[in-house]
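Structure first, then comments.
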């Protein structure tokens, strides 16, 4: 996809962060944007920032029937769908011992279920468009396991596998749909501050994340659009993403011991 003018783009989780930056960047380039968020006011604020080419929807991506209905609504109102960006995501900080089943199900329903729901709901419309693209947001945590992030790791590793398999299927079937998996590093968003965890742990994690997050959502959005233009299978965002991608390639599973040691040291310092 070499240009976005008059293309119909769907962005979930567009009420803030990367999703908001994506909606605005697509609209700036002439796309017609159907943006959604679980918080109505946030979606509407993004639509105002994006301008007249954007329309806001309220959507819980974990609600499969709602996502299926949303796909039909967007296709009916816009006449086609060319790009879907399954971006909505949440965070959870807890060890496997501490984590409740309810919190695990909540995160997986959004971070993995939302990607599956959005892909399945919109795929027929993307194929019918003759020029479609699925963009699923994974993470650098789809490359390496991290202590207290088992649920997030599980979802992001799964998004990576799901998306790579989908791309192969589109190639086999010769469908006119490109597929990209996005792996952001540290992006300056509120995902950690809004995560589910103990209050003290959440604040410490948020402060630590804000110290190392170097990439803005706007820069991330520009990188993603460039990847779509190039039909890139994998889109890495930020210099830290390239480093983290390389770690398991070089060290294999041996990366786990030094990472555990670093995490233990951080706990002692806190």
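Numbering (the working numbering), first residue to last: 558 to 827.
Every residue gets a Cβ at the ideal spot worked out from N, C-alpha and C, and that includes glycine.
Pick helix, strand or coil for residue i, following the three-state DSSP scheme.
i, result
"residue 793", "strand"
"residue 585", "helix"
"residue 750", "Because the pLDDT at residue 750 is just 46, under 50, the model does not fix this residue reliably, and the value given afterwards should be weighed accordingly. Residue state, collapsed to three classes: coil."
"residue 741", "strand"
"residue 780", "helix"
"residue 766", "Caution is warranted here: a pLDDT of 39 is assigned to residue 766, below 50, making its placement in the model unreliable, and no coordinate value can be reported."
"residue 772", "strand"
"residue 759", "Note that residue 759 has pLDDT 45, beneath the 50 cutoff, so the model's placement of it is unreliable and no number is given."
Taking just the CA atoms, how far does residue j sit from residue i?
i, j, result
"residue 740", "residue 794", "6 Å"
"residue 644", "residue 802", "20 Å"
"residue 806", "residue 814", "15 Å"
"residue 821", "residue 705", "12 Å"
"residue 561", "residue 657", "43 Å"
"residue 586", "residue 579", "11 Å"
"residue 779", "residue 583", "9 Å"
"residue 679", "residue 638", "8 Å"
"residue 646", "residue 662", "13 Å"
"residue 659", "residue 699", "22 Å"
"residue 685", "residue 652", "44 Å"
"residue 728", "residue 790", "12 Å"
"residue 708", "residue 816", "17 Å"
"residue 630", "residue 622", "12 Å"
"residue 687", "residue 796", "34 Å"
"residue 571", "residue 681", "22 Å"
"residue 721", "residue 819", "31 Å"
"residue 792", "residue 777", "10 Å"
"residue 812", "residue 800", "13 Å"
"residue 782", "residue 788", "10 Å"
"residue 597", "residue 567", "16 Å"
"residue 742", "residue 810", "20 Å"
For residue i, collect the residues of the same chain with a Cβ closer than 6 Å to its Cβ; drop the 5 residues on either side in sequence, then sort them by chain order.
i, result
"residue 627", "616"
"residue 581", "606 and 607"
"residue 767", "Confidence is the limiting factor: at residue 767 the pLDDT is only 43, short of 50, which leaves the residue's position unreliable and the question unanswerable from this model."
"residue 694", "644 and 739"
"residue 711", "none"
"residue 863", "Any answer about residue 863 is impossible in this case: the structure gives the chain only from 558 up to 827."
"residue 702", "710"
"residue 595", "617"
"residue 732", "684"
"residue 784", "737 and 792"
"residue 577", "571 and 603"
So residue i and residue j are in contact, right, with Cβ under 8 Å, and what is the actual spacing, rounded?
i, j, result
"residue 599", "residue 573", "6 Å"
"residue 672", "residue 714", "About 12 Å; that fails the 8 Å criterion."
"residue 744", "residue 772", "5 Å"
"residue 786", "residue 558", "6 Å"
"residue 691", "residue 798", "No, residue 691 and residue 798 are not in contact; Cβ-Cβ is about 20 Å, not under 8 Å."
Suppose the cutoff is 7 Å on Cβ atoms and the five residues either side in sequence are ignored; what does the same chain contact list for residue i look like?
i, result
"residue 675", "569, 618, 624, 641 and 643"
"residue 723", "676, 691 and 736"
"residue 669", "712, 715 and 716"
"residue 664", "647, 649, 708, 709 and 712"
"residue 604", "592, 611, 612 and 613"
"residue 666", "619"
"residue 632", "638 and 682"
Whose C-beta lies closer than 8 Å to the C-beta of residue i among residues of the same chain, with five residues either side of it excluded?
i, result
"residue 601", "613"
"residue 635", "565, 589 and 591"
"residue 808", "none"
Is residue i near the ligand ADP, with its Cβ less than 7 Å from a heavy atom?
i, result
"residue 695", "Absence of the ligand ADP is noted for the structure shown, with no ligands found whatsoever."
Does residue i get closer than 8 Å to chain D when you measure Cβ to Cβ?
i, result
"residue 590", "Among the chains of the structure shown, chain D does not appear; only one protein chain is present."
Complete alpha helix (DSSP H) runs within the stretch 635-705 (minimum length 4 residues, chain order): Whole alpha helix (DSSP H) segments, 4+ residues: 658-668 and 670-686.
Complete runs of the beta strand (DSSP E) confined to the stretch 560-633 [at least 3 residues]: Taken in chain order, the whole beta strand (DSSP E) runs of length 3 or more contained in the stretch 560-633 are 565-568, 589-594 and 611-615.
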